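Here's the structure, in structure tokens; my notes come after.
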Amino acid sequence: MIKVKRPAMPDILKESHPDWTKTLVDLVNEYGRYDKIPKDEKKQIVNQYQHNDIKEAVKKMFHGKCVFCEEHIETVTYTHIEHFHPKSIYYEETFEWENLFPACSKCNISKGKHDTKKEPIVNPEKDDPEKYFIYPLVRIQSAPESPDSEKSQRTIEVCDLKRLSLYRAMATILNQFYENERTLEEKMNDCNNLTQKAAKIKRLHRIHETLESMKATSANTESHAGFLRYLLRTNEVVKNAIQLINKHKNELALCSDFELY
710 MIKVKRPAMP DILKESHPDW TKTLVDLVNE YGRYDKIPKD EKKQIVNQYQ
760 HNDIKEAVKK MFHGKCVFCE EHIETVTYTH IEHFHPKSIY YEETFEWENL
810 FPACSKCNIS KGKHDTKKEP IVNPEKDDPE KYFIYPLVRI QSAPESPDSE
860 KSQRTIEVCD LKRLSLYRAM ATILNQFYEN ERTLEEKMND CNNLTQKAAK
910 IKRLHRIHET LESMKATSAN TESHAGFLRY LLRTNEVVKN AIQLINKHKN
960 ELALCSDFEL Y
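Counting from 1, position 12 in the sequence shown corresponds to residue 721 in the numbering used here; the numbering is continuous, with no gaps.
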């Protein structure tokens, strides 16, 4: 899980959400409770948030990924517009832009009607998930220095972030990461054994290219970017390679120090 930057509210939502909200609130008042509204009548108003412009904006927000598990949604299921605060409890927030997130069906079903106000979970827009979670041996856990370890653990449980399919996906990513780590280490060893400056600079450029390639795998657009960022920032070979590149940045004509993100 990584932090999300929300795009501008779609015009259709900006124009219509006050009226949609009023209609829904009126129905709740008429029937006494949200769950007492007749199904067809409720569907007619509530499903307005499924408008294509809204759905596309929500998908774009997180590059087609589920905001919780970071799987690319279209490869495993279809996109749900998830209400962070459940609409069945907080119906007045059904059409609030800040309450809409993209989610896969598995996270959506697992989260269900969990009351995120009484029992908060990590909000990827307002919280920085990378401060809340670590991934030792591809097992997501609450970070030792999490701002709120109870919220971290609750998020894992509520969204079922320890499900087997996620382990398998992250294990595949880990195997590729280790391949890249081995390549990086070999290039560093070669570099340390070189005495000619030109050859050494050439090898340093290759180390820099490998680091850039590894960094690209943790871009916002990539599946399980949070997991990959954890691997990158905790891996000793990567740390040593970054120190080496930054030490020689002037010789490599780099404008600034290399940073992971």
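Cβ atoms here follow ideal geometry from the backbone N, Cα and C, with glycine treated the same way.
Since we're looking at a predicted model, the values are computed, not measured.
Could you check how far apart the C-beta atoms of residue i and residue j are, in whole angstroms? I think they sit under 8 Å.
i: C868; j: F777; result: 4 Å
i: G935; j: I711; result: 5 Å
In terms of alpha-carbon separation, which member of the options lies closest to residue i?
i: V831; options: K822, E859 and E805; result: E859
i: R891; options: A950, K752, I746 and S851; result: A950
i: S797; options: K745, N889 and L963; result: K745
i: D735; options: E724, K751 and Q759; result: K751
In whole angstroms, give me the CA-to-CA distance for residue i and residue j.
i: R863; j: K764; result: 27 Å
i: D837; j: S855; result: 10 Å
i: Q905; j: M897; result: 15 Å
i: H789; j: Q753; result: 18 Å
i: F828; j: Y970; result: Reading off the sequence shown, one finds Glu at residue 828, where the question assumed Phe. In a straight line, the C-alpha of E828 is about 31 Å away from that of Y970.
i: R912; j: N959; result: 15 Å
i: H917; j: K956; result: 12 Å
i: D749; j: P716; result: 32 Å
i: I910; j: F793; result: 50 Å
i: N761; j: K769; result: 12 Å
i: R942; j: D728; result: 47 Å
Can you say whether residue i is buried or exposed, counting buried as having 16 or more other CB atoms within 10 angstroms of its CB?
i: K714; result: exposed
i: Y743; result: buried
i: E945; result: exposed
i: E779; result: buried
i: L940; result: buried
Mind checking who residue i pairs with in its DSSP beta bridge?
i: Q850; result: I843
i: I830; result: DSSP, once it has assigned bridges, lists no residue as partnering I830.
i: I790; result: P811
Using beta carbons (cut-off 8 Å, strictly below), is residue i in contact with chain D?
i: V737; result: Any reference to chain D falls outside this structure, which holds one protein chain only.
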